[in-house]
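**Student:** Structure below; questions to follow.
There are 2 protein chains.
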Amino acid sequence: MRDSLYTDLNVFEKFNPIVPSGYKNSAYVCLGNIDTTLQRQVLERVGKPRLVVGDTMNYWIEHKPNELKETLKCMDVLVVNESEARLLTNEPNLIKAAKQIMKLGPHIVIIKKGEHGAVLVTEETIFSAPAYPLENINDPTGAGDAFAGGFVGWLARTDDLSAENLKRAVVYGSTLASFCVEKFSVDGMKDLTYLQIQDRYRSFMQLSRFDER
Amino acid sequence: MRDSLYTDLNVFEKFNPIVPSGYKNSAYVCLGNIDTTLQRQVLERVGKPRLVVGDTMNYWIEHKPNELKETLKCMDVLVVNESEARLLTNEPNLIKAAKQIMKLGPHIVIIKKGEHGAVLVTEETIFSAPAYPLENINDPTGAGDAFAGGFVGWLARTDDLSAENLKRAVVYGSTLASFCVEKFSVDGMKDLTYLQIQDRYRSFMQLSRFDER
C-alpha cells in the first residue's frame with residue numbers, strides 16, 4: 003500500500019523542502035525517511051551540521067539504491083530497523099550488517115529491534131540497549147521516529163559525542179519509543195514531562211544493570 | 003521429525019531414570035526437557051533440593067499439558083524460549099506470559115530470545131540481558147542447554163539466590179550459550195577455561211553498561 007501511495011501521487015518528486023531560516027544553522031540534523039534525494043536537498047540547505055542522523059526504509063533501499071548510497075556518504079549516523087539493515091547489506095548477521103553500512107559512510111550505526119531493543123555499533127563500541135518491558139503496547143506507529151527524536155534530542159541538548167554519551171542517547175531513544183507505543187497516536191508523548199522521561203531512563207538502568215561478584 | 007521420533011520409539015515411556023547415589027542430595031537440580039513425567043520421577047529420586055530449575059518444549063506443552071502442569075508446580079525456575087512461553091500461556095506479550103507462568107508454580111521465569119538475549123522475571127524484578135554480539139554463529143545446537151547449565155552452575159557455585167545473583171547467573175547462562183554457538187558441536191565448550199568465561203562475562207558488562215549524566 004505504501005509503495006502504490008508513493009508511486010501514484012509522486013508527492014516526493016514535486017515537494018520542494020524549504021528550510022526555515024531559524025533552522026539553517028542547526029548543529030544537529032535528523033533526516034526522516036523521506037525520498038533520499040530530498041534528504042540530500044534538505045542537507046544542502048542547512049549549514050555545516052556537527053552531526054547528521056538519518057533514517058531510511060525499504061522503498062528507497064529497493065527503488066533508489068544509488069541515490070541512497072550518495073546520501074549515506076553525508077550521514078554520520080544511520081538509524082534503521084533489523085529488516086532494513088539486512089535489505090541494505092544482504093547480510094543476515096546484524097553486527098556484520100552494521101559494519102558493512104559503516105563502509106558506506108555513517109561511522110555510527112544504530113539497529114532498532116522493536117521489542118528486543120536496539121544495538122549501537124561504532125568503530126570502538128558495541129552497545130546493546132534493552133527495550134522497556136511493556137505489558138501493554140497499544141500503537142507501534144511512530145516508534146522509530148520517537149526513537150530517532152529521543153536519540154538526536156539528547157545529543158543536541160548535551161552537545162557531547164563521546165561513546166558514553168552516545169549510549170545514553172540510545173537509551174533516551176528507547177525511552178521515548180516506549181512512551182510512544184504505550185498509548186494511541188501521539189497521546190503517549192504530548193503531555194510527557196522531562197521528569198517522567200528521567201524516571202523511565204532510570205528504570206532502563208535498573209532493568210539492565212548487573213555487577214561482578 | 004522430532005515428533006515422529008518420540009512417538010515411534012516411545013523411548014521416554016520405557017526409560018527408567020536412575021539417579022546415581024552421589025547426586026541424590028543435590029541442592030541444585032536442573033531438569034532438561036525430557037518427558038515431563040520423567041522430570042517428576044527424577045525429582046522424586048533426589049532429596050529436597052534448594053532450587054529446581056526446569057526446561058520444557060513444544061512437544062510436552064502440546065501433548066502432555068496436564069502432566070506438565072503437575073511438574074511446573076515442583077519447579078522454582080522455568081527456563082523456556084519465546085515460542086514455548088507463548089505456546090504455554092497463549093499470550094503473545096512475553097512479560098504477561100512470564101507472569102502467567104508464575105501462577106503455575108515457578109516463582110522465577112527466564113525467557114530465552116536467541117540472538118536477542120534473555121529476560122528474567124521474578125515477583126520483584128525484570129532483568130534484560132543482551133546476547134553476545136557474535137559475528138560468526140556456527141552451530142546453535144545446544145545453546146539452550148548451555149544457557150541453563152551456565153545459569154544453574156553459577157547458582158550452585160555461589161549458593162546465593164538473591165536478585166542480584168540471579169541476574170549474574172542469567173549473564174553466565176548467556177556467556178556459556180555464546181561459547182556454545184561459536185563453534186560446531188561441543189567444540190566451543192570442551193576446552194573452555196574459567197578465565198575465558200570470566201573475560202566474556204566482563205565483555206557482557208561493557209556491552210550493556212550505561213550511566214546517568
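Respectively, the protein sequence lines represent chains A and B.
Position 159 (the first sequence) corresponds to 161 in our numbering; numbering is contiguous.
Position 179 (the second sequence) corresponds to 181 in our numbering; numbering is contiguous.
Note that the Cβ used here is the ideal one computed from N, Cα and C, for glycine as well.
(1) Name the one or two DSSP bridge partners that K101 (chain A) has.
(2) Since S210 (chain A) meets chain B, which of its residues come closer than 9 Å, beta carbon to beta carbon?
(3) Given a limit of 7 Å on CB to CB distance, which residues of the region 80-100 of chain A reach chain B?
(4) Enumerate in chain order the residues of its own chain whose CB-to-CB distance from T38 (chain B) is below 6 Å, with the five nearest sequence positions on each side excluded.
(5) Three-state secondary structure (DSSP) at R204 (chain A)?
(6) Report the residues of the region 132-162 of chain A with a CB closer than 7 Å to any CB of chain B, ordered along the chain.
(7) Hey, how far is the Cα of L80 (chain B) from the Cα of S176 (chain A)?
(8) Among all the DSSP beta bridges, which residues are the ones paired with F129 (chain B)?
(9) Please go through the same chain and pick out, in chain order, the residues whose beta-carbon is closer than 7 Å to the beta-carbon of A171 (chain B), but skip the five residues on each side of it.
(10) Count the other CB atoms within 10 Å of the CB of I112 (chain A); is the residue buried (16 or more) or exposed (fewer)?
(11) Closest to K98 (chain A) by CA distance: which of B:R88, B:V48 and B:P135 is it?
(12) Does any C-beta atom of chain B lie closer than 8 Å to the C-beta of H109 (chain A)?
(13) Look at the Cβ atom of V55 (chain B), then the Cβ atom of V82 (chain B), and state whether they are nearer than 8 Å.
(14) Alpha helix (DSSP H) containing C182 (chain A): first to last residue?
(15) Relative to the alpha-carbon of Y174 (chain B), which residue among B:F186, B:K185, B:S187 and B:R159 has its alpha-carbon at the smallest distance?
(16) Could you spell out the range, first to last residue, of the beta strand (DSSP E) harbouring K114 (chain A)?
(17) How big is the Cα-Cα spacing for I103 (chain B) and D57 (chain B)?
(18) Below 8 Å on C-beta distance, what does E69 (chain B) contact in chain A?
(19) Here's the rule I'm using: 16 or more other beta-carbon atoms within 10 Å means buried, otherwise exposed. How should T91 (chain A) be labelled?
(20) Should the region 181-197 of chain B be regarded as contacting the region 140-154 of chain B, the criterion being three or more beta carbon pairs within less than 8 Å?
(21) Would you call the CB atoms of G144 (chain B) and A133 (chain B) closer than 8 Å?
(22) Here's the rule: buried if 16 or more other CB atoms are within 10 angstroms of the residue's CB, otherwise exposed. What is R202 (chain A)?
(23) Could you tell me whether the Cβ of F215 (chain B) comes closer than 8 Å to any Cβ of chain A?
(24) Which class does Y61 (chain B) belong to by DSSP, given the choice of helix, strand or coil?
(25) Could you give the distance in angstroms between the alpha-carbon of E214 (chain B) and the alpha-carbon of R204 (chain A)?
(26) List, in order along the chain, the chain A residues whose C-beta lies closer than 9 Å to that of V188 (chain B)?
(27) Which residues bound the beta strand (DSSP E) around V21 (chain B)?
(28) Let me check one thing: in DSSP terms, what residues is C32 (chain A) bridge-paired to?
(29) Nearest CA to the CA of T124 (chain A): which residue from A:L168, A:Q198 and A:E64?
(30) By DSSP, does M3 (chain A) sit in helix, in strand, or in coil?
(31) For S210 (chain B), count neighbouring Cβ atoms within 10 angstroms of its own Cβ and tell me buried if that reaches 16, exposed if not.
(32) Whose CA, out of A:I36, A:E86 and A:P22, lies closest to the CA of K16 (chain A)?
(33) Give me the residue from B:K115, B:L122 and B:E117 with the minimum Cα distance to A100 (chain B).
(34) Output the boundary residues of the alpha helix (DSSP H) element that contains L40 (chain A).
**Tutor:** From the atom records:
(1) For K101 (chain A), which the question treats as bridged, DSSP gives no partner whatsoever.
(2) F129, S130, A131, P132, S210, R211 and F212
(3) N95, I97 and K98
(4) W62, K66, E69, L70 and T73
(5) helix
(6) P132, P135, E137 and T160
(7) 28 Å
(8) B:L122
(9) F153, W156 and L157
(10) buried
(11) B:P135
(12) no
(13) no
(14) A165 to E184
(15) B:R159
(16) I110 to K114
(17) 13 Å
(18) By Cβ distance, chain A contributes nothing, its closest Cβ being about 29 Å from E69 (chain B), past 8 Å.
(19) buried
(20) yes
(21) no
(22) buried
(23) Position check: residue 215 (chain B) holds Arg in this sequence, whereas Phe was assumed. Yes, R215 (chain B) counts as interfacial toward chain A.
(24) helix
(25) 8 Å
(26) None at all; the shortest Cβ gap to chain A is about 23 Å.
(27) Taken as a continuous stretch (DSSP letters only), V21 (chain B) belongs to no beta strand (DSSP E), as it is neither H nor E.
(28) A:V55
(29) A:L168
(30) In this prediction, M3 (chain A) has a pLDDT of 46, which is less than 50 and means its spatial position is unreliable; nothing more can be read from the coordinates.
(31) buried
(32) A:I36
(33) B:L122
(34) T38 to E46
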